Each structure stands twice: as C-alpha cells, then as structure tokens.
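Number of protein chains: 2
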Amino acid sequence: MTDKQHLVLFMPSGKRGRFASGTPVLEAARSIGVYVESVCGGRGICGRCQVEVAEGSFAKHGITSSMENLSPSGAKEKRYDEKRGLKEGRRLSCSSTIEGDLVIDIPQDVQVNAQVVRKAADDRYIERNPAVHLCYVEVEQPDMHKPLGDLDHLLQAIEREWGFSNIKIDAHVLPKVQKILRTGNWSVTAAIHKDDEFDNPYLIDLSPGLKNEAYGIACDIGSTTIALHLSSLLSGATIASAGTSNPQIRFGEDLMSRVSYVMMNPDGREAMTIAVRKAIDALIGEVCETSGIDRHDILNAVFVGNPVMHHLFLGIDPTELGGAPFALAVSGAVHMKCRELDLTLNDGARTYILPCIAGHVGADAAAATLTEGPHRQESQMLLVDIGTNAEIVLGNSSRTVAASSPTGPAFEGAEISSGQRAAPGAIERVRIDPDTLEPTISVIGIDMWSNEPGFEEAAKKTGVTGICGSAIIEVMAEMFLTGITTEDGVIDGKMAEKSPRVFKNGRTWSYRLWQAEGGPDITVTQTDVRAIQLAKAALYAGVKLLMDKLEIEQVDCIKLAGAFGSFIDPKYALVLGLIPDCEVTNVKAVGNAAGTGAKMALLNRDYRREIEQTVRKIEKIETALEPKFQEHFVNAMAFPNKVDAFPKLEQTVKLPAKNDSDGSSADGTGGGRRRRRRPR
Amino acid sequence: MTDKQHLVLFMPSGKRGRFASGTPVLEAARSIGVYVESVCGGRGICGRCQVEVAEGSFAKHGITSSMENLSPSGAKEKRYDEKRGLKEGRRLSCSSTIEGDLVIDIPQDVQVNAQVVRKAADDRYIERNPAVHLCYVEVEQPDMHKPLGDLDHLLQAIEREWGFSNIKIDAHVLPKVQKILRTGNWSVTAAIHKDDEFDNPYLIDLSPGLKNEAYGIACDIGSTTIALHLSSLLSGATIASAGTSNPQIRFGEDLMSRVSYVMMNPDGREAMTIAVRKAIDALIGEVCETSGIDRHDILNAVFVGNPVMHHLFLGIDPTELGGAPFALAVSGAVHMKCRELDLTLNDGARTYILPCIAGHVGADAAAATLTEGPHRQESQMLLVDIGTNAEIVLGNSSRTVAASSPTGPAFEGAEISSGQRAAPGAIERVRIDPDTLEPTISVIGIDMWSNEPGFEEAAKKTGVTGICGSAIIEVMAEMFLTGITTEDGVIDGKMAEKSPRVFKNGRTWSYRLWQAEGGPDITVTQTDVRAIQLAKAALYAGVKLLMDKLEIEQVDCIKLAGAFGSFIDPKYALVLGLIPDCEVTNVKAVGNAAGTGAKMALLNRDYRREIEQTVRKIEKIETALEPKFQEHFVNAMAFPNKVDAFPKLEQTVKLPAKNDSDGSSADGTGGGRRRRRRPR
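Going line by line, the protein sequences match chains A and B.
Under the working numbering, read the first sequence as residues 148 to 827, first letter to last.
Under the working numbering, read the second sequence as residues 148 to 827, first letter to last.
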C-alpha cells in the first residue's frame, strides 16, 4: 500500500487521482488540474470552494464513495456555515480532507451572494479557469526597520500565497493602494489578470477585505444583432443576457455596404466604431441594471464577430477586407484594455478577442468552432453560419478546413422581391397544398397559422408585409415539392391550370403567396427563384470544395449556426440542397454558437489556447482561387431531388404548433429581437 | 590553432573574445555582450553600427591591430558611404568581418542625422542597451492561400529577425498597422519595448520604411528645480537640456509643507500632481523646440525624485510619508505609459521610475548612487544630498547603508533671518578679514567681488537682498574661523571691541554682514547660528550613525550631490563639521548626480537592474529609531576645530575669480535657474 491510497474521482470533469489521507480536497483537485474556485486561499471565508460527495458505489471506477470518507466539519467550516450558511451536503473543499475513496461533485451553482441568476436553462457546463483571478491576501504592515513600500509588501504576499511572480501593476491602481490597504485593515482582495503562461500577471484591481465576486461579459457582434451575456467569473453562472440591433445598420445593411461606406466617407470608419461601441456599452448598462450589478465589478470581456465587425469594433479600417487579397489587419487573438475600446467597466478590465480564421471567416466562426468542436471529435462535422457570406468549417480531430462562400444577401431577404428582415408582419413559415397549391403561412407577431381561427383579425392589426429568411427557404422548397418549380428552377406555367396563384408576370411566371387586406401583394417571382438558386449554389459549392479537400463524400453531422440557421427547418434546407446529404436527425440548429464560444473563452482561458491552436491548424481555402468552385457552383444550381430520401415530405407537412421548437437557440438571444417578441 | 584564432578587444568597454575569420564585427560584439546599435538588422542601411579600428600594437593585450585585419569595404558599405557618407576610418560593423587581431573602438559620436548635438562636454560615456529598440523588418505580403493577418506577418518578421517572442501590441498601434505597412512598401521600423528578461515585449510604435532615430528623456524632479535631458536612444548623445523651478513651490517651500498642503486641502494632491506634470511637459516642449525634434519621436522616459516628489508625480497621496512609519506607497521601480502621466510624447512611450530606498531616501538618492557607484568600489564612499532632509548613502561593494537625516530647511536659507533662495541679489560667497572682521562678498547676478571695482554700481541695479545656502555655510565657517563665533556656537560679544559689525541684538549678539544702499540690513543672528548648528548636527549625526553601522572611523571619499552640494565649498563644509574628516581632495561636488543616474537608466536597462538590486541590498537605517542618534546629534552641535587640519584656512582665503569653478555640475543644469543666469 502506497501512502497515496485513496482514489478520488472529480465530476463532471471525470479527472481522478490517488491521494494520501489528510489531503485537503481543494489541494487534491488542483494537483490534477481540476479547477475549484477559491478567493480566500483556503481560509474558509469565501465559500467558493464548495463540493459535494456523491454517495454510492461506482462500480465502473471501483469506488465506494461516502461522506464518511471525508473528514468531519472542522471549526473553519462550522464558522462559515453559521455566518453564511452552507447547503445540506455541501462541504468547503479547503477545509475537508480525504480519508477514503471519494466521488466529488464540483457543483455548478455555488452561490455565495444574494444575486439572482435569472436564467440557466440553456447554460452548458463550462469548466472554469478564468484569466482574471481574485486573490485574498493579508499584507505585512510597514516597518521602519525594513522600509519596503506598501505595494511591494502586497505584491510579495500575492506572490507568496498565490504563486504569481513578476507582477505588474495597472496605473489606475497605484494611487489607491495605500488607502485600500488601510481601509481593509491590511486584508485585501487583488484581481490578477494573466491569460497565457507567457503573460506578465497584472494587478488590475484592488478591494479592501474579502471581495467575493467578479464578473465578465461575452459578446457576439453580429452585422445585424449584438448579443451580450453577463457571467460570474467565480461561479460561471450566466447572470443576465441582452441583445440589440447593430446600429451600424444605418450605414449599410450588409457587410460590404459598410465597407463601401468607409471607403466613401472619410469619417465613416470612426462613426461606425463609435456606434458599435456605444451600443455595446448600452447593453452592458442593460445587463447591469437587470441584475443589479455594478459595471465596475466587470473585470473581463470577450468579443467575437466576423472580420468586418471585428475590425470596426477595434477601430481598424476594414477597406482591405473589401477586395483581394482580403487582408486581415490582424488574425491572431487580440488583447486590450476595455477602456481602450471606450467601454465603461472596471478601469483595469481586460478584453480578449478570439482569432479570425481568414479574411471572410471571422472570430465568430472561430467561436462557433470552439463551441461545436469539430476538432474534438472523430466524425466529420460541417459547421455553417449563413449570412451575406456563409462561413463554413468542416472536419474532425485530424484535419479541419474552412472557407467562406459568397452567398450574397438573398437568404436574408435582401434580393428577394418581397423579402424583408425578420420582424412583426414577416411571413416566417410556409406550407403549400400539393393539390390546390393554396398556401398556409405563419407570421411573426401572430399567434396562429393562417388556417386557424383568429388569424385574419390578428393579421389586420399586425399586417403581412413580406417574407423573411426562413420562409424564403420554405416557400422555395414547397414550390419545388409541389411542382410549381421544376428541378432546374423554372416556375412552371403549366401549373397555372391548377391554380390562379401561378400567373404570367412579363416573360416569366410568378407564384402569388399572400395578400392581406390592404397589404402588399406578396409573390415569388422567377427572379427570386434565381437569386436563391445562386445563393444556395454558392453555399453548396463552398461546402463541396471543402469536402473535396478532405476527400469525403458525406458529412456525419451538420450544425447550422447563427440566427438564420436557427430558424430554417433542416428538412427544407436538405430539400433545397442548401447543405449536403445527411441524416436529418444529425442536422441541428445550434443557435448563437459564436456567443456560447465567447462565453467559454471568458470562463476558461484554456479554451482561448484551444481555439488559437485550432485556428492556426485550420486550413483556409479561398474559394475564389479554387478552379473547381465554378464547376461545383454550376452543378449546384439545380434543385436536387431529395424527395426519395425523405418520402414524407411529399405529403402535406404537418403544421407544427406555433410555440413549438423553431430551432433551438442555445442561449436565448440567438434570435435576437425576433425571438423575444414572439408571445409565449 | 582553433578555428577562433583572432583576438578582438572592444573599447571603451574592454571586453574581448576570440573569433573565427569571417565573423562580422557586429555579431562578434554582440556575442560577448558589447552593445552596438543596429536598426536595420545588418542590411547596411542605417549606419548605426559604425566602428573604428585602433591601429597599433597593444602590448598589454598582445594585439597588433590594423585596418588590414578587417575585411575590405564591400558593396553594401560602399553604397552606404556614397549615399550617406562614412567618416574617414569608420566602418559598418555589420558589413566588415574579422580577418586578424583587432582593437575596435565603438565611437560615441555616431551621427547619422543632421540633428545638432548642442552639448556633450559633461557627458560621461554611458554604455548603451536601451529598453526601447528600433527594429527594421521586411514583412511578408498578404497571401490568399495563407490568410495570416498583416500584424501577424509583422510580428513573425520581428520574432524571426530580432528574436523577440510573444510580442504584445499597444492599442494605438493596431489600427495603423495596415496603412504603415503599405506606405512603407512592406518595410517598416518597429519600436519594441522590453525592459527586463521577464517582460513581455511590446510593439509600441511603427513607422514606414527605415526610421533611424529615437529619443528618450531623463528627468530629476527636485523639490526646488526640475532638470530634464533629451538624449538619443541610438547614439546616446545628449541633444538638449532644460530646467525650471518646481511650480509646486507655490503650495509649500519644502517637502513637509507640501505634504501638509495635501493633508489640509482635499484637492491639494491633485493640484500638485497637475502642476508638476505640466511643468515637465513644458520642459519637454522646450528641449524639443531647441533641438528641432518631434515630441512623438520620444519613446522612453526615466524619472527620479525624492519620495514626496515621486509620489506626487505618480498621483499618489504623500500623506503617509509625513509621519511614522513613513510608509512609501511603492518602493520598487515603477513602469508606466507616459500617457498615463499626462505627458505628450509618442503614444506608446514608456516610463521607468527608479526605486526609492526608504521613506525619506528617494529615487533621486538611488539615481545618485547609481551614478557614483559606492557599490562598485572597495573604498568607503559617503554620498550626501542635502536638502530639507539630507539623504545619506555610505558604503562600498561589500555593504552599503542609507539614511535620511532631518536637517530642516536651514541650509536652504529657510530658517535663517536673512536667508533666501539662490536668485539674483543673494549673497553666495563670503570672506571675513580676521583682523578687521570686514566681509567681502559675492552676489548672484553681479560679476565681481564686493572689493572689486564696479561692484557698488552693479549692486544698485541688482540689489543685495539676502544670503543663500552656500553663503550661509561660508559665513558661519568664516565667523568661526575669525573667532566671531565660539566653538560651542555663541557669537562672542567681546568681538564687538574689534568691530562694530558685532552688535548686541536683544539678549544675544549678531554680526552685521552687509547693507547695500536702500537694501535690507543683512545680519547673522545667534538664532541663525543655532539653526545651522542643529542642521549640521543632524547631518553629521546621520553620517556618524551609518559609520557606526559599518564600524568605520573614516570615509575614503565624499560626494556632495545636488544643487546645494554643488555650490558649497568642500573646505567650508569640513570646517563647519557638516561632513566627517576626509582628505579635502577627496571631497567632490558631483552636481546633479541624480539626473545623471536617470540618464544612465534611460540609455541602459542593465543599470536599472543594477540599481534595483543595489537598492534591495542597501540596509536602511531609520535615524529616529536609533538610540545613538541623539547622542551623536548632541556631540555634533559644536563647531569642531578643523583648523589644525587645514592651516591655510586661518589666513584670509584667496578669493577665487568670479567665473571660476563653483562646484562642477555634472550636466549643466545642476544649479537650475541660478547657474544659467550667471553671466559667462
């Protein structure tokens, strides 16, 4: 028997090790890389290091775990329990020692403050190891015999107790050190920022006494929507979320029109930088207000966005991204002070911005990659974020490739005659009866399908004004499935015999989808079909190119990221040939995967290293340079006959209930404005 | 014979090594730690790496050096010579290779720009190794096949060619990178800041093409005078110097009154911080204007000052320094961006502030220690900077101790009835005839002694208004030497028989020194003598305490630093017993040694490490805690009879010519205002 006789398994990470009797659980966890928070450094006063013992026999691991295999509560723990309260079954890992085999749960809901956590439903478990660490220390007082400065005493204490060496200090902290030390009666909590192993640790904030909370924000800057989450850096809990339209929209709807705006207007770049920074600062105000948290307690921020958003946010002219060779000003991860980005947080708050993959595959695609993890698995994953450009990542743990495909704005409704953005009044779902060619629609802001009672009355109030992205896919697919459109994308004039909804429109034919009383005549024209053909051919050709690179014929799973991906029905995407053949159950909308990736990078700096390494390894394919792209593009113009593969789609598709899942957004803000306005 | 057959000696450092034929001189120098500047990285375009071959036989080293032992000029060197001109005998060390034994001189006057160096006379040779390095690189252009960002390409080039890794980038540089790379046609000069080995290197500035100049400032913030030097970081030359009164004087004459001002006024600290920063910024403007240099080409700054000046400049409340335990907010060296100190230099300019030794022994004393180097020699050196507090450092390479002694402001004239600051009209030198007790004086702003023709007329214009520090020492010493004052410091009423200049003044006697027509009656009272007795006793007691610590009876040399030290006559200091017994030839005024130390730390970061280590090792003695201080103080009250040691002083001292040395200031601004106003 060695002196390390007890087997301990830590959950949910599954890491395990053998430890000697008397080893504190906190120490054991850290020694094998299990991150357990502790602000007070084992003094039993912060309560952050709580764990639970899973009772029972874990045959697979050969462990019989029981509370008795842990030392009984000591004085420190009892004092904490009396003062702050410790939930039934919870123990302070700094104060309990291992006395037998154990299965230890690191709980995800360690709450030591009164703060309300408003939402946790969509929170995936993110193991924590943040770049900002709170370090409680007791500092030596000045001594005339050894006249070391107060700051120097403080830094010595941090180095001694927390192991940070060569600590630098933020300019704004320096003048406050003496007063804070005296206010805290020589006990203070230092916030230390250190991202990677080569970083100088920085003392970025200092508070008197025990400061038992620190927050961070994770933000996805989309061209259309900005989504922001406020998280506790100590518990990992999401405290609040908020979203808003990107105010840059007034300078240009899509990315390229914003780049043009910069090229045409001397102050254009600055105006857009100010606009997006202000919007983010306002969102920070919003999450702070809803959660009752002080902005100055936010110490870290992570941002992602496509290259143009990324550059504009950083104050970089995006002009180079507007033409070949699409040179990024910076592709690697960026570190900055939040203050340098005009964000009002703690003066010492630091920003981390994920790396960009290529000139049109941004930090948002990198973040989505981090979330979905094609590089962490063996099966071939296709990850697609569809916007004006589709950002495409394909691969697995052995090889990953990425490209962007110039789909243009058709999917977003911009080049479609009746297209509009997802907003009340927009048609969002469409079914067409194969016999009568009569449509059934559902509209944003109206609680029922058009064939249900009450729709007409509601439509009078809301109006039916156009077709948004998800419905464009559906109407195109339904037109094809019902034979209105042929395989090569022609609206078939013969169908006019079946229904007057198919009608001659100049030299070609159109399909009249809807006209509400007093509303516009919403039709689908031959030009609309062509626009979608071009867009989906571009997307498909990009995907095919990457499949060629990897020499694969089939992908194992498909993740549709972003707002558009969240709302289109995977079945219709397959019918239209937007995405390659795949088991329909393996096609998933993953919502704002970019926002989730940002949150992962916020809560755990190891994820930053992971995505930095992954991005370096990803092979970037520039579609414009690939001779086969054109060939794939032409081949993908037709609507592939997927009907055989999905026979049920031939029948009238059963209408889902209005409140049923319409693509699950992983974090509740995936759909931005649209999702939240829908009645529940 | 090894393949490293040639012996090369580098001057003035004296470092030597053996090298193989064909080794470039630049590479050889660097390999043995001889710093030779090179901005272009050996491309033969910056001209910074010039060296000279010392011809002749150097018997002591066994070297016969001749230009023939160096490779002949190649194409690169000839092109440089044609384009920029290379002085006779100069070679580019990057382009010349070692072909035989050599003595290589690293010249101190490598000038590749037109800039005028105004003063160099007092420049000591400072070997260079600055914290900011200019790195010329040629950067890979963007490539769609490998979409790395432009910044990432740049950082790769810097890492590859200059060996800096994990480079961070200043926020202000990021938005400019793409434009500068294109303006410079993918050739740029990066300024990299890296102070110590643990520091992350920072890209702090970027210029298109070859940027062949960078500047730094070194500044001594005295309570009375601020002195600033502008130096080339590439040649080490001092380009310009300037000095000004410390505008904080309006808040309080001496240090303690400024601390009181902070304690009494809520905005006092801020007002004084703003005042000193503005004054420094104005001085920067002054040196830039006189030298025609752009502020934005200044990349590094070093500051020194006593603890109160140090704290106020950094925006730290100095209140703690006003009472026991005299706690410094920070004693270690401080790094900051110049911008954070409200100085308008290059946006990326960095500040380094030397460490403080103790609560009353500041970064100025540390800088003076660096300059004079007691820790670099075996003989016992006493280094004294006299102000309201005397900062005293004593020791040698094996042990060094430091203390401050509360001399009070008497030496500066503040507690002396006719005392005044050094300014036109102030008496600065005094001789008293031992027979007649008649004085001869010299006055600031008047070109002749009072017994020379024209004095009276000049005195009418200038006025004779009071006695400044140096003259206070002289008049006290002369009064003692002529018997006006007794050994125990009593003005002897019996001397009234000899001259009416000794007169009854209340209960005690006074000496009437001077009264110019219409001017004040300038006298020395018994109270004045007592004040000087107290001040010099405090200084002497402090020194004695340090001598006790080191268990020495005698010091080998004495360095009097600072403005006061520069102007007092060492002989009189010895007569009065201000300083301990020492060979008079070994007592030297060293001028603004603090300013010189700041310049050393500016030009060579090794000096920063040296003084940081030295300060950590210096033993700090708090005089207030030492029981023997009081005893030494009481014993030092009397005027010791040094007359035997310096018999000539008994005679009327020969009057030095007015323009003769009056204490050599090491840098020309040592005397601040006073020195510069004196006609030459």
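Virtual Cβ for every residue (Gly too), placed ideally from N, Cα, C.
Please read these numbers as outputs of a predicted model, since none were measured by experiment.
Check                                                                                                                          : Outcome
Where the stretch 460 to 475 of chain A meets chain B: residues whose CB sits under 9 angstroms from a CB there                : Leu461, Gly462, Ile463, Asp464, Thr466, Glu467, Ala471, Pro472, Phe473, Ala474 and Leu475
Interface flag, A/Gln777 vs chain B, CB-CB below 9 angstroms                                                                   : no
Cβ contact (3+ pairs, closer than 8 angstroms) linking the stretch 303 to 312 of chain A and the stretch 213 to 224 of chain A : no
A/Lys341 in three-state terms, based on DSSP                                                                                   : coil
Whole alpha helix (DSSP H) elements within the stretch 692 to 742 of chain B, 4-residue minimum                                : 709 to 714 and 717 to 723
Residues within the stretch 303 to 336 of chain B neighbouring chain A, beta-carbon criterion of under 7 angstroms             : Asn313, Lys315, Ala318, Leu321, Pro322, Val324 and Gln325
Distance CB(B/Val186)-CB(B/Asn332) smaller than 9 angstroms                                                                    : no
Chain B contact for A/Ser478 (CB, 9 angstroms cutoff)                                                                          : yes
Cutoff 9 angstroms: A/Val611 Cβ touching any chain D Cβ                                                                        : Note that chain D does not occur in the displayed structure, where the protein chains are A and B.
Secondary structure of B/Met528, DSSP reduced to three states                                                                  : strand
Rounded C-alpha distance that separates A/Arg823 from A/Ala570                                                                 : Residue confidence for A/Arg823 is low, a pLDDT of 29 falling below 50, so the modelled location carries little weight and cannot support an answer.
Closer than 9 angstroms to chain B by CB, A/Asn447                                                                             : no
For B/Ala448, the first and last residue of its enclosing beta strand (DSSP E)                                                 : Ile445 to Gly452
B/Asp346 versus A/Ser312 - alpha carbon distance                                                                               : 11 angstroms
Residue-chain proximity (A/Met483, chain B), Cβ-Cβ < 9 angstroms                                                               : yes
Cβ pair A/Arg165, A/Gly194 closer than 9 angstroms                                                                             : no
Close beta carbons around B/Ala351, own chain, < 6 angstroms, minus the five adjacent residues each side                       : At residue 351 of chain B the sequence reads Ile, which differs from the Ala that was named. The residues are Asp317, Ala338, His340 and Gly495.
Cβ neighbours of A/Cys435 in the same chain (closer than 6 angstroms, five flanking residues each side left out)               : Arg442
Per DSSP, cross-strand counterpart(s) of A/Lys767                                                                              : A/Ala549
Backbone secondary structure at B/Pro472 - three-state DSSP                                                                    : coil
Burial state of A/Met642 (16 or more Cβ within 10 Å)                                                                           : buried
One or two residues paired with B/Thr498 in a DSSP bridge                                                                      : B/Ala448 and B/Met483
Reference B/Gln89, options B/Ile179, B/Gly479, B/Pro556 and B/His300, closest by Cα                                            : Since the first residue shown for chain B is 148 and the last is 827, residue 89 of chain B is missing from the structure and cannot be characterised.
Against chain A: residues of the stretch 334 to 359 of chain B by CB proximity under 9 angstroms                               : Asp343, Phe345, Asp346 and Asn347
For A/Pro521 and A/Ile253, the rounded distance between their alpha carbons                                                    : 27 angstroms
Same chain only: Cβ atoms within 7 angstroms of A/Arg648, ignoring 5 sequence neighbours per side                              : Leu584, Tyr658 and Arg659
Start and end residues, alpha helix (DSSP H) containing B/Arg177                                                               : Val172 to Ser178
A/Lys789 to A/Ile619 span [Cα, whole Å]                                                                                        : A caution first: A/Lys789 carries a pLDDT of 40, below 50, which makes its placement in the model unreliable, though a value can still be read off. In a straight line, the C-alpha of A/Lys789 is about 18 angstroms away from that of A/Ile619.
Proximal chain B residues relative to A/Met291, where beta-carbon distance stays under 8 angstroms                             : Ala471, Pro472, Phe473, Gly506, Glu769, Ala771 and Leu772
Separation of B/Asp716 from B/Glu797, as counted between CA atoms                                                              : Unreliable placement is indicated for B/Glu797, whose pLDDT of 40 sits below 50; no coordinate value is reported for it.
Own chain residues within Cβ distance below 7 angstroms of B/Val286, not counting five before or after                         : His300, Leu301, Ala304, Leu328, Trp333 and Val335
Per DSSP, cross-strand counterpart(s) of B/His208                                                                              : DSSP, once it has assigned bridges, lists no residue as partnering B/His208.
A/Thr632 - partner residues in DSSP beta bridges                                                                               : A/Ile638
Cβ neighbours of B/Gly640 in the same chain (closer than 8 angstroms, five flanking residues each side left out)               : Val649, Lys651 and Trp656
Extent of the continuous beta strand (DSSP E) to which B/Gln255 belongs                                                        : Looking at the DSSP string, B/Gln255 is not in any beta strand (DSSP E), and its letter there is neither H nor E.
Chain B within 9 angstroms of A/Gly296, Cβ atoms only                                                                          : yes
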